[in-house]
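Q: Numbering (our numbering), first residue to last: 44 to 191. Beta carbons are placed, not taken as given, at the ideal position from N, Cα and C, and that holds for glycine.
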Ligand SMILES: [Zn+2]
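1) What did DSSP end up calling residue 157 once you bin it into helix, strand or coil?
2) Measuring CB atoms only, is the region 128-143 touching the region 104-115, in the sense that at least three cross pairs come out at less than 8 Å?
3) Just how far apart, CA to CA, sit residue 196 and residue 94?
4) Applying the 10 Å Cβ sphere with the 16-neighbour rule, what's the burial state of residue 53?
5) How should residue 83 be labelled, buried or exposed, when 16 other C-beta atoms within 10 angstroms of its C-beta is the threshold for buried?
6) So residue 145 and residue 151 are in contact, right, with Cβ under 8 Å, and what is the actual spacing, rounded?
7) Looking at residue 89 and residue 192, is the spacing between their C-beta atoms short of 8 Å?
8) If you draw a straight line from the C-alpha of residue 126 to the C-alpha of residue 162, how long is it?
9) Which residues count as close to ligand 1 when the rule is a CB under 6 Å from any of its heavy atoms, in chain order?
10) What alpha helix (DSSP H) runs, 4 residues minimum, are completely inside the region 80-151?
11) Spatial neighbours of residue 204 within its chain, please: C-beta separation below 7 Å, excluding the five flanking residues on both sides.
12) Assuming residue 46 contacts residue 70 (C-beta within less than 8 Å), just tell me the rounded distance between them.
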């Protein structure tokens with residue numbers, strides 16, 4: 044075999060893909076050939092670099108996924124916060140407008156006015172209760188983040 048041919052089998056040699064007979068022939072040639080020895084050194088360091096790169100890659104992917112998750116959670120929380128604030132403001136504003144209009148209307152029965160006020164009060168209590176529950180779970184989420 045010539046040096047050129049040995050060059051072609053160097054990668055296979057480093058990956059442990061050669062047969063025992065080929066390995067012995069190659070190692071015998073290395074003893075007599077400083078050029079191929081140097082070439083093998085270069086291949087060895089190159090292989091080390093590519094191996095370490097392929098080791099780092101999956102970790103990078105996990106890291107990316109982690110940040111995607113953090114971003115998604117933030118996005119969902121922001122969405123919920125905006126939705127709640129707008130919902131509360133609209134509810135209060137609309138509720139007051141309706142109550143004001145109905146109560147100021149002398150043609151509306153007093154019983155109906157009382158029912159309407161109680162209904163809106165009930166809705167407000169329900170909404171506050173759901174909101175408190177949401178805030179409670181958000182705090183527990185945050186606690187989980189810290190522990191992770
Ligand atoms: Zn050689």
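A: Let's see:
1) helix
2) no
3) What is shown of the chain runs 44 to 191, which leaves residue 196 out entirely.
4) buried
5) buried
6) 5 Å
7) The structure shown does not extend to residue 192, since the chain is modelled only from 44 through 191, so no value can be given for it.
8) 22 Å
9) 46, 49, 72, 76, 78 and 79
10) none
11) Outside the modelled stretch of the chain, which goes from 44 to 191, sits residue 204, for which no answer is possible.
12) Rounded, the Cβ-Cβ distance is 14 Å, inconsistent with contact.
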